[in-house]
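Below is one structure; the comments refer to it alone.
Protein chains in written order, with this note's numbering: chain A, 1 to 111; chain B, 112 to 224.
The structure is reproduced here in structure tokens:
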């Protein structure tokens, strides 16, 4: 399974766009990139998933370059409630959820 | 749609005692996972079930941890005997077969003293 590298922490202010980049140099051909969000005292929550190029949903966008060795989660106009830990996971789409969580990125949104 | 249910939410036990956690996945989800999350770290997969069969238990400390999923629905995770280093949040998650989007419960926070 591909290993991922993310910044340990990031700070932002309300209303700003936040981009969190994840490196996954040894991503396999059949691997997908998935991002999860975790608030204190809660289980992780799925945000977005993609394979290549760009994926957008009501919460975030995911940018994946052609070589797929990295990906960027983009959170538009963050609010205080977006303060959480964000995990980048890389793994195959088959056989269920078979990916490894790293330490994640702790995002602090300030007023 | 009801989410993944776990109980209890909190548990404090003394070392060498035993403890059990219960999980009820989302209805229809064939795949069930148990994770251990130590404070400040990401969740670590302990065991994955597909219906009532074990798919992956490579990171489960089998000398003290056991898990079962009778009838392919609810699951229990047991620790016997517990050690201080088992203090963590134990998360249960479920997903549909072949889907990488997993839904997590709120977890059980275990403190071993």
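Idealized CB from N, CA, C, for every residue including glycine.
Item: Suppose contacts are defined by Cβ-Cβ distances below 8 Å. Is residue 78/A in contact with residue 37/A by that definition?; Value: no
Item: Excluding the 5 residues flanking residue 95/A on each side, which residues of the same chain have their C-beta closer than 7 Å to its C-beta?; Value: The predicted model places residue 95/A with a pLDDT of 46, which falls under 50 and marks its position as unreliable, so this point remains unresolved.
Item: Quick one: which chain B residues come within Cβ less than 7 Å of residue 103/A?; Value: 152, 153
Item: Give me the residue from 214/B, 147/B, 196/B, 156/B with the minimum Cα distance to residue 124/B.; Value: 196/B
Item: Quick one: does residue 49/A have its CB under 8 Å from some CB of chain B?; Value: yes
Item: Does the count of Cβ pairs from the stretch 191 to 206 of chain B and the stretch 17 to 28 of chain A closer than 8 Å reach three?; Value: no
Item: Taking three-plus beta-carbon pairs below 8 Å as touching, is the stretch 148 to 158 of chain B in contact with the stretch 46 to 59 of chain A?; Value: no
Item: Please name the residue, chosen from 114/B, 128/B, 178/B, that lies closest to residue 192/B on a Cα-to-Cα basis.; Value: 128/B
Item: State the DSSP-derived secondary structure class of residue 173/B, mapped to helix, strand or coil.; Value: coil
Item: Helix, strand or coil for residue 183/B, going by three-state DSSP, please let me know.; Value: helix
Item: Pull out every residue of the stretch 50 to 73 of chain A whose Cβ sits closer than 8 Å to any Cβ of chain B, in chain order.; Value: none
Item: I'd like the ranges of any beta strand (DSSP E) spanning at least 3 consecutive residues and lying wholly in the stretch 23 to 61 of chain A.; Value: 31 to 38, 45 to 50, 53 to 56
Item: Should residue 161/B be counted as a contact of the ligand GDP given a C-beta to heavy atom distance under 7 Å?; Value: Looking at this structure, you won't find the ligand GDP or any other ligand, since it has none at all.
Item: Any C-beta of chain B sitting closer than 8 Å to the C-beta of residue 42/A?; Value: yes
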